Structure formats: structure tokens, C-alpha cells
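Residue 572 is where the sequence shown ends in this note's numbering, and the numbering goes up by one at each step. Where a beta carbon is used, it is the ideal one built from N, C-alpha and C, also for glycine. None of the values given here were measured: they were computed from a predicted structure.
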Amino acid sequence: MNYPPLEKLLPKAENRYVLAMLAAKRARQIVDGANPLVDSKVPNPVTLSCEELGEDKIQYRTGIHEPFIPLRPEIEAKRLAAALEDKEKRAAELAEETRRIIERDQRLGMKDSELAELGGESFTSDDAAALARKLIMAVEAQDEAERLAAERKEESESQQAAPDKIDAELTVESD
Numbered sequence: 398m399n400y401p402p403l404e405k406l407l408p409k410a411e412n413r414y415v416l417a418m419l420a421a422k423r424a425r426q427i428v429d430g431a432n433p434l435v436d437s438k439v440p441n442p443v444t445l446s447c448e449e450l451g452e453d454k455i456q457y458r459t460g461i462h463e464p465f466i467p468l469r470p471e472i473e474a475k476r477l478a479a480a481l482e483d484k485e486k487r488a489a490e491l492a493e494e495t496r497r498i499i500e501r502d503q504r505l506g507m508k509d510s511e512l513a514e515l516g517g518e519s520f521t522s523d524d525a526a527a528l529a530r531k532l533i534m535a536v537e538a539q540d541e542a543e544r545l546a547a548e549r550k551e552e553s554e555s556q557q558a559a560p561d562k563i564d565a566e567l568t569v570e571s572d
């Protein structure tokens with residue numbers, strides 16, 4: 398790495414180890430699809446991240462931060478396509494599983510009226526997706542209710558513990 402020189406980059410971070418970590422983290426972001434912040438002909442992501450540091454496009458901050466990093470459009474399109482394909486695949490698997498269950502129930506002698514209640518032969522992948530969404534919403538609602546109950550329990554325990562601390566302080570002062 399000849400440009401920018403290390404002497405120019407050292408004031409940008411606490412020490413050279415932090416500087417190396419900062420450049421490596423930005424290089425990983427670039428490899429993962431982040432837009433470069435400077436115009437450069439350099440193909441190396443580490444050198445590109447050092448150039449961004451040299452031009453003050455990246456700043457070192459202490460603590461934990463979750464910055465928004467815009468991705469290149471083609472990378473974002475690939476990620477969205479993969480997510481959509483995965484969703485369709487799961488819906489197809491759910492529809493296939495439902496079809497197998499219905500066939501099994503027919504072999505076991507379930508009545509047609511009972512099958513009609515389950516959706517029968519007209520059960521499509523859209524029906525399976527809707528059923529899956531309802532199930533997910535029910536599970537999320539149950540998880541939320543459990544989380545709220547745990548928070549209430551924690552609050553009541555902390556409120557009960559607070560008077561005990563005050564009583565303990567009063568007994569110490571009166572002795």
C-alpha cells in the first residue's frame with residue numbers, strides 16, 4: 398500500500414492496530430456490496446478503504462454503532478431475488494406437505510366433509526402461504542404476550558425489592 402501513505406492515515410485512528418481494523422471492516426463492507434465512497438480505479442477493496450480513510454469519507458468512532466450501508470443495486474437485486482425464491486420454495490414445500498397429509502387422511506378413511514373443512518383438493522400454495530402467515534402471526538403474538546408478562550414480572554420484582562432496600566437503609570441508620 399503506497400497511497401495514501403501510512404503517516405497520513407495514522408491521525409485518523411488511535412493507533413495502527415485500530416487503523417488496520419477500520420480499513421479491514423470497510424473492505425469487508427465493500428466486498429459484501431457496499432458502494433465505494435470515492436471514485437477510484439483501484440480494484441483492491443483494502444486499498445480502496447484506505448483511500449476513503451485518507452479522504453475523510455470514513456470516521457473512526459468508539460462504541461457500538463450499526464450504520465446503514467447502502468448496497469450496489471445489483472447486489473441488492475440478487476439478495477431480494479434470493480429471498481423471494483426462498484419464500485416461494487417454502488410455500489411449495491408447505492403445499493406439498495399439506496397434499497401428503499390430505500392423501501394420508503384419505504387413505505385412513507377421513508370423510509370428504511372433514512377434508513373440505515381442511516381445504517380439500519383445492520388447497521393451493523397461496524392457501525398454504527396464507528395459513529403459514531396466520532400461524533406466524535399467532536406465534537409472534539404469543540411471544541409478545543410472554544415477553545410483556547416477563548417484563549411485568551420483572552418490574553413487580555424490582556418494585557418489591559426497592560422497599561426492602563429502603564428498609565435495610567433505615568435499619569442501618571437507626572442502629
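Contact between the segment 418-430 and the segment 440-457 is established, with three or more Cβ pairs separated by less than 8 Å. In this structure, A410 places its C-beta atom within 9 Å of the C-beta atom of L416. In its chain, beyond the 5 residues on either side, I427, P433, S437, V439 have a beta carbon closer than 7 Å to the beta carbon of L445. Taking C-alpha positions only, S555 is separated from E543 by approximately 18 Å.
Below 8 Å, enough C-beta pairs join the segment 481-496 and the segment 522-532 to call them touching: three or more. Measuring C-alpha to C-alpha distances from P401 to each of D453, A535, Y414 identifies D453 as the nearest.
Counting only unbroken stretches of 4 or more residues, no alpha helix (DSSP H) element lies wholly within the segment 482-510. DSSP places E452 in no alpha helix (DSSP H); its state is neither H nor E.
Taking C-beta atoms as the reference points, L468 and R476 count as a pair closer than 9 Å.
Using a Cβ distance threshold of 9 Å, I472 and D429 count as a contacting pair. Take the alpha-carbon of E482 and the one of P408: they are about 47 Å apart. In this structure, A529 places its C-beta atom within 9 Å of the C-beta atom of R487. Where K405 is concerned, the enclosing alpha helix (DSSP H) starts and stops at 403-406. For I455, the closest alpha carbon among the candidates P470, V435, L532, R549 is that of V435.
Judged by DSSP secondary structure, V428 falls within the alpha helix (DSSP H) whose first and last residues are 413-428.
The alpha-carbon of E552 is positioned some 10 Å away from that of L545.
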